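Chemist: As they're listed, the protein sequences go chains Z and P.
The numbers in the working numbering rise by one with no breaks, and the one at position 139 of the first sequence is 139.
The numbers in the working numbering rise by one with no breaks, and the one at position 106 of the second sequence is 245.
We put the beta carbon where it would ideally sit given N, CA and C, even for glycine.
Quick caveat, the model's predicted, so the values are computed rather than measured.
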Amino acid sequence: MTMTRRDALALAMGGVAATMLPLPALADASADAIAKFTGGAAAGEGGLTLTAPEIAENGNTVPISVDAPGATEIAVYATGNPTPEVATFKFGPLAGSQMASIRIRLSKTQDVVAIAKMADGSFVQAKSTVKVTIGGCGG
Amino acid sequence: MISRREFLQASLAASTILGASGLSRWSRAMAQQSLTQDQLLAFEPLGNVTLIHITDIHAQAMPIYFREPEINLGVGEAKGRPPHLTGKAFLDEFNIKPNSPDAYALTYDNYVDLAKSYGKMGGMDRVATIVKAIKAERPNAILLDGGDTWHGSMTALKTNGQDMVDIMNKLGVDAMTSHWEWTYGEERVKEIVDTLPFPFLGANIFDAEWDEPAFEAYKIFEQNGTRIAVIGQAFPYLPIANPKWMFPDYSFGIREERMQEVVDEVRGMGVDLVVCLSHNGFDVDHKMASRVKGIDVILTGHTHDAVPEPVLVGETIMIASGSNGKFVSRVDLDVRDGKMMGFRHKLIPVFSDVIEADKEMSDLIASSREPYKAELEEVLAETNSLLYRRGNFNGTWDDLICEAMLEERDAEIAMSPGVRWGTTLLPGDKITMEDLLTCTSMTYGENYRMEMTGETIKTILEDVADNIFNTDPYYQQGGDMVRVGGMGYHIDVNAPIGQRISNMTLLKDGSDIDMGRNYVVTGWASVNEGTEGPQIWDVVADHLRKIKTVDLKPNDSVVVTGA
């Protein structure tokens, strides 16, 4: 996907609230956090696009974006981080689109998971492995 | 009604036959000791579009020896599939006779004897002759440079890439993409790009801060009434494989969705043919071709594979044109009504003693070398060993470089980057400073010396191994395994990250590497800013001047399983 600067600024100022949800790290923190968001409901596939690099250029600031037309909320989890909850984007009825971009910190190679809550209350999920590597030795 | 796919397959078969007949002609020619330029360039024109592809020249303006890999393992779906074939398996796959000119150009077997028979390959003045000959026949042919052009020689380093820029401008390049170009730093890249008479394409080069496209993604050419979009794809992992601090304002990545978007954009403009000029590497391009719809031709680079026939992925053909100026690909296409109806391809081997040098280009190259002549020609030592680098594990050049670092820097373990550039010398050759620089020149060549724990060393080996042997090509960076001196190890290429490396042994006393102990490690090409130490070529040159003669023992310190 492409987001222009204008889109990003419009999104930041529009009807979208990004909420950080810091919680203490748990043994299976990401599964617990996801269950909390979905209320234990199973998440389907499709209708949600998660865009993330395959290998992070800088693990401290990894650009990712989510896009789920018709969603009311999209939650993002870094499953390998001590605190897996990254952000929850809530889209009001006046939101022109249901997409968002964010930069996240990844402590190590892990799966980034996005879950969208759709208008009918169902959930869809998308997952992407982002590798955090020490680099060097290019051909 | 023949489907497009069937038509492509029929064309591929025809291309194979053409290749085979070409080969048999060469064999006869060699029997008569009369390999000629006309035979090397022989090509029955097809259709209305001609593409000329050259890539990964690594600033080798002069003819060189370059031994193709003995070990080039593919993993996952790529196992045993071109280009992951070497030696006899490669010859069998493409019906090439052992000891033929093609066998010499494309494989490693019997390399020294064949190199003596057939001579050096490449040289940009020979390449110029080939390009001129093709353009004489097809005046509007599009010449595309896949990148890794400005880096890799002493003269390129001394001139910050300017010698190669001048050479490629004279050659008449129509568009290029990039990788090592960026190791001159983003300011130098922008300075050169401003002067180029052609676009520096990269659909996947983004502004790091604003996350939006920063360079031209494509250029549309017209050839005989046919509109051709050439989309550039720079090396995706530049900020990871090379020092990010040298180009902090740019972000790269495969960005598959971006490639699809650009393909859709140019298709929407009604172009007849979509060509991707890529520096992804072969396996990454193979996967991308299977997922991005609408690309007719991928001209692939980065992994230095020379593949004598197009590889078909769905309706996309992939052309891999080797490295170091050894080959020029000519691709003729029959494009009608916005569809590629057929193609003919030849990977033209640049036999330096057969292809005539273009005088103007020879003069330009000579003038760019003139100021540095004495330095280039300084003889450091003589080698009794075949010196080469290319292959998944240690090459003999790497063994020599590691030996030099261990001795000159008084270290226990040496590490040398698994890059695929670096040319070859034959037993009996003198080693000049220029030869050494073809294997070491770079803008971050500082030879560091530091302490690392056994655990850190293992982490580095595991990390690099996963960059090569991850079964998902999108996670591969395209180099070879980091070369190690003073230490042996076992590697299971099929294991997951963290479990590939075992039996790490300090060679000087045979002891197991202790994960908790510190070892004195020396290496070069660190991607970290502020790395300190002498330049690697000075360290190796000092060593060579002392030993005078290179006699390397066989190196069996790396044991590979799972291949």
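At a cut of 8 Å, does the segment 591-602 of chain P reach the segment 652-668 of chain P through at least three beta carbon pairs?
Modeler: Yes, since at least three Cβ pairs between the segment 591-602 of chain P and the segment 652-668 of chain P fall closer than 8 Å, the two stretches touch.
Chemist: Which runs of the beta strand (DSSP E), 3 residues or longer, sit entirely within the segment 214-270 of chain P?
Modeler: Within the segment 214-270 of chain P, no complete beta strand (DSSP E) run reaches 3 residues.
Chemist: With DSSP as the reference, please indicate the residues paired to VAL66/Z in a beta bridge.
Modeler: According to DSSP, which records beta bridges pairwise, VAL66/Z is partnered with LEU50/Z and ALA100/Z.
Chemist: So the beta strand (DSSP E) LEU565/P belongs to, where does it begin and stop?
Modeler: Unbroken run through LEU565/P: none, as it is neither H nor E.
Chemist: Name the residues in the segment 416-449 of chain P whose C-beta lies less than 9 Å from a C-beta of chain Z; which are they?
Modeler: Cβ contacts with chain Z: GLY420, HIS441, THR442 and HIS443.
Chemist: For ASP120/Z, is the classification buried or exposed, using 16 other Cβ atoms within 10 angstroms of its Cβ as the cut-off for buried?
Modeler: Exposed, since its Cβ has fewer than 16 Cβ neighbours within 10 Å.
Chemist: Using only alpha-carbon positions, find the residue among PHE490/P, GLY618/P, GLN616/P and GLU601/P that is nearest to TYR628/P.
Modeler: Among PHE490/P, GLY618/P, GLN616/P and GLU601/P, the Cα nearest to that of TYR628/P is on GLU601/P.
Chemist: How do the segment 246-263 of chain P and the segment 489-502 of chain P stand: do at least 3 beta-carbon pairs fall below 8 Å, yes or no?
Modeler: A contact exists between the segment 246-263 of chain P and the segment 489-502 of chain P.
Chemist: Should VAL474/P and LEU416/P be called a contact, given that it needs their Cβ atoms to be closer than 8 Å?
Modeler: No, the Cβ-Cβ distance between VAL474/P and LEU416/P is not below 8 Å.
Chemist: Could you work out which residue in ALA267/P, TRP319/P and LEU190/P is closest to LYS498/P when comparing CA atoms only?
Modeler: The shortest Cα separation from LYS498/P among ALA267/P, TRP319/P and LEU190/P belongs to ALA267/P.
Chemist: Between the segment 377-387 of chain P and the segment 397-414 of chain P, can you find at least three pairs of beta-carbon atoms closer than 8 Å?
Modeler: No: the two stretches stay apart, fewer than three of their Cβ pairs being nearer than 8 Å.
Chemist: Under three-state DSSP, which class holds ILE487/P?
Modeler: It is a strand residue.
Chemist: Since TRP676/P and SER580/P are thought to touch, with beta carbons under 8 Å apart, how far apart are those beta carbons, to the nearest angstrom?
Modeler: Yes, TRP676/P and SER580/P are in contact; Cβ-Cβ is about 7 Å, under 8 Å.
Chemist: Using a Cβ cut-off of 7 Å, pull out every chain P residue sitting near LYS131/Z, in sequence order please.
Modeler: The answer, in chain order, is TYR614.
Chemist: Rounded to whole angstroms, what's the CA-CA distance from LYS218/P to LEU212/P? Just pull it up for me.
Modeler: Near 7 Å, if we compare the C-alpha coordinates of LEU212/P and LYS218/P.
Chemist: Given 8 Å as the limit, is there contact between the segment 563-577 of chain P and the segment 510-518 of chain P, that is, 3 or more CB pairs closer than that?
Modeler: Yes, the segment 563-577 of chain P is in contact with the segment 510-518 of chain P.
Chemist: According to DSSP, what are the bridge partners of GLU73/Z?
Modeler: GLU73/Z pairs with LYS90/Z and LYS117/Z.
Chemist: By the three-class DSSP mapping on this structure, what secondary structure does GLY593/P have?
Modeler: GLY593/P falls in the helix class under three-state DSSP.
Chemist: Measuring only the C-alpha atoms, how far is ASN694/P from THR522/P?
Modeler: Approximately 16 Å between the Cα atoms of the pair.
Chemist: Rounded to the nearest angstrom, what separates ILE193/P and LEU539/P at their Cα positions?
Modeler: Those two C-alpha atoms are separated by around 30 Å.
Chemist: State the Cα-Cα distance for the pair THR83/Z and GLU73/Z, rounded to the nearest angstrom.
Modeler: Taking the straight line joining both Cα atoms gives about 20 Å.
Chemist: If we count Cβ pairs, one from each stretch, closer than 8 Å, do we get three or more for the segment 283-295 of chain P versus the segment 304-324 of chain P?
Modeler: In short, these stretches touch, since the Cβ pair count reaches three.
Chemist: Report the neighbours of ILE393/P on chain Z: residues whose CB is nearer than 7 Å to its CB, in chain order.
Modeler: Neighbours of ILE393/P on chain Z, chain order: GLU54.
Chemist: Using beta carbons (cut-off 8 Å, strictly below), is PRO63/Z in contact with chain P?
Modeler: At least one chain P Cβ lies under 8 Å of PRO63/Z.
Chemist: Among residues of its own chain, excluding the 5 on either side of THR535/P, which ones have a beta-carbon nearer than 7 Å to its beta-carbon?
Modeler: Answer for THR535/P: SER524, LEU525, LEU526, TYR527 and LEU691, listed in chain order.
Chemist: Compare the Cα-Cα distances from ALA280/P to each of PHE233/P, GLN178/P and ASP471/P and report the closest residue.
Modeler: Of the listed residues, the one whose Cα sits closest to ALA280/P is ASP471/P.
Chemist: Could you spell out the range, first to last residue, of the beta strand (DSSP E) harbouring LEU282/P?
Modeler: LEU282/P -> beta strand (DSSP E) spans 281-284.
Chemist: Please tell me whether THR189/P and ILE273/P are closer than 8 Å, where the distance is taken between their beta carbons.
Modeler: Contact: yes.
Chemist: Taking 8 Å as the CB-CB cut-off, is ILE344/P touching chain Z?
Modeler: By this cut-off, ILE344/P is not an interface position.
Chemist: Is there a C-beta anywhere in chain P that falls below 8 Å from the one on GLU57/Z?
Modeler: Answer yes: the Cβ-Cβ gap between GLU57/Z and chain P drops below 8 Å somewhere.
Chemist: When the Cα of TYR247/P is compared with those of MET263/P, ASP264/P, ASN234/P and LEU224/P, which residue comes out closest?
Modeler: Checking every option, the nearest Cα to that of TYR247/P belongs to LEU224/P.
Chemist: Only counting the same chain, and skipping five residues up and downstream in sequence, which positions put a Cβ closer than 6 Å to that of LYS127/Z?
Modeler: So the list reads ASP111 and VAL113, once near-sequence residues are dropped.
Chemist: Determine the DSSP secondary structure at ILE636/P, reduced to helix, strand or coil.
Modeler: Coil, per DSSP.
Chemist: Which residues in chain Z sit within 7 Å of ASP602/P, going by Cβ to Cβ distance?
Modeler: Chain Z residues near ASP602/P: THR133 and ILE134.
Chemist: At a Cβ threshold of 8 Å, is SER390/P touching chain Z?
Modeler: Yes, contact with chain Z.
Chemist: For chain Z, is any of its Cβ atoms less than 8 Å away from the one on LYS297/P?
Modeler: It does not; no Cβ of chain Z falls within 8 Å.
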